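Okay, structure first, notes after.
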Amino acid sequence: EVTRLEAELALVKEAELVAIQAQKDSSDKYQAEIIQLESELASVREAESVARQDALERDKSEVEKLEKELETLREERRRT
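Going by the numbering used here, the first residue of the sequence shown is number 1, and it counts up by one from there.
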């Protein structure tokens, strides 16, 4: 009887260990997925930042170009 109870206890302990390992594996999987998603989010944010900076530079360049054209037109008007 004691041997049977010891065997059952060993099976219960083994089942608990398997369950704990499965939970840990699942947790590790989710943690890896979280890290991957955080990395992707950081990449997207960086790309958005670069895109905004590029748009700002284009807008700045366009403003400078238009200011030069306006100044040229003002100079031409003063001459006439």
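For glycine and all other residues, C-beta sits at the position ideal for the given N, C-alpha and C.
The structure presented is a predicted model; accordingly, all values stated were derived computationally and were not measured.
Alpha-carbon spacing of residue i relative to residue j, whole angstroms
i	j	result
GLU16	ARG52	53 Å
GLU69	GLU75	10 Å
VAL63	ARG77	21 Å
ASP59	GLU33	39 Å
SER49	ALA42	10 Å
Within-7 Å CB hit, residue i to chain B
i	result
ILE35	Absent from the structure: chain B. Only one protein chain is present.
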